[in-house]
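Peer 1: Structure incoming, see below.
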Amino acid sequence: MKDIIIQNGRYRVDHKIGKGGFGEVWAGFDLKLNEEVAMKLTPIGKGPDTLRLEADTYKELAGGVGIPRVRWFGSECEFYVLIQELLGPSLEDLFNYCGRRFSLKTVLLIADQAISRIQYIHSKGVLRHDIKPDNFLHGSREAGEYPLHGRLWLGRGVF
Numbered sequence: 001m002k003d004i005i006i007q008n009g010r011y012r013v014d015h016k017i018g019k020g021g022f023g024e025v026w027a028g029f030d031l032k033l034n035e036e037v038a039m040k041l042t043p044i045g046k047g048p049d050t051l052r053l054e055a056d057t058y059k060e061l062a063g064g065v066g067i068p069r070v071r072w073f074g075s076e077c078e079f080y081v082l083i084q085e086l087l088g089p090s091l092e093d094l095f096n097y098c099g100r101r102f103s104l105k106t107v108l109l110i111a112d113q114a115i116s117r118i119q120y121i122h123s124k125g126v127l128r129h130d131i132k133p134d135n136f137l138h139g140s141r142e143a144g145e146y147p148l149h150g151r152l153w154l155g156r157g158v159f
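For the sequence shown, position 58 (counting from the first letter as 1) is numbered 58 according to the UniProt record's numbering, and the numbering increases by one without interruption.
Here you go:
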């Protein structure tokens, strides 16, 4: 998908960064704002309409701390596409980066943020499935915001 431009020339699709049960995640670029983005793609008509439900859920949760912002959702060719800000590494990635050891202080800070994120989505009547370290993303990919600085985002997966 290299050099594919979508959404009326706004976004460029760059390279695949992940794959899940319902589709793929690609790194992309917002040509208008000069920023990296994440693009989730699922084929239209193949399986449940989970990406549309995920986009609707993120929009419902908009404004909450640690909730990624939906930049655009729609269809392009034979795919549904959800575009969000590109976040940093997962807690699982950070745990591996740190030799699979976190200090007590780090664990307590992570737990505080994770509980706050889950409480927020539950307060909106949303049940989050598949809570695990790989589905909590940390900060952004900007220099200096990781390995262990910045916000914890509840950013991967289906609600």
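Note that CB positions come from ideal geometry on N, CA and C, so glycine has one too.
Being a predicted model, the structure only gives us computed values, none of them experimental.
What whole-angstrom Cβ distance do residue 11 and residue 29 have, given they're in contact under 8 Å?
Peer 2: Here residue 11 refers to the residue found at position 11 of the sequence shown. Here residue 29 refers to the residue found at position 29 of the sequence shown. Correct: roughly 7 Å between the Cβ atoms.
Peer 1: Can you tell me where the beta strand (DSSP E) holding residue 19 begins and where it ends?
Peer 2: Locating residue 19 in the sequence shown gives position 19, where the first residue counts as 1. Residue range 11 to 19 is occupied by the beta strand (DSSP E) that includes residue 19.
Peer 1: Helix, strand or coil: which one does DSSP assign to residue 79?
Peer 2: Locating residue 79 in the sequence shown gives position 79, where the first residue counts as 1. Residue 79: strand per DSSP, three-state reduction.
Peer 1: Looking only at C-alpha atoms, which of 80, 115, 98, 130 sits nearest to residue 42?
Peer 2: Counting from 1 along the sequence shown, the entry for residue 42 is found at position 42. Minimum Cα-Cα distance from residue 42 among the listed residues 80, 115, 98, 130 corresponds to 80.
Peer 1: Measure from the C-beta of residue 11 to each C-beta in chain B and report whether the shortest distance is under 7 Å.
Peer 2: Any reference to chain B falls outside this structure, which holds one protein chain only.
Peer 1: Since residue 129 sits in a beta bridge, which residues does DSSP pair it with?
Peer 2: Indexing the sequence shown from 1 puts residue 129 at position 129. Looking at the DSSP assignment, residue 129 forms no beta bridge with any residue, so it has no partner.
Peer 1: Could you tell me which of 115, 31, 130, 26 sits nearest to residue 82, measuring between CA atoms?
Peer 2: Counting from 1 along the sequence shown, the entry for residue 82 is found at position 82. The candidate whose alpha carbon is nearest that of residue 82 is 26.
Peer 1: Would you check if there are 3 or more beta carbon pairs closer than 8 Å linking the stretch 63 to 82 to the stretch 110 to 125?
Peer 2: yes
Peer 1: Measuring alpha carbon to alpha carbon, tell me which of 19, 32, 24 ends up nearest residue 5.
Peer 2: Walking along the sequence shown from the start, residue 5 turns up at place 5. It is 32 whose Cα lies nearest to the Cα of residue 5.
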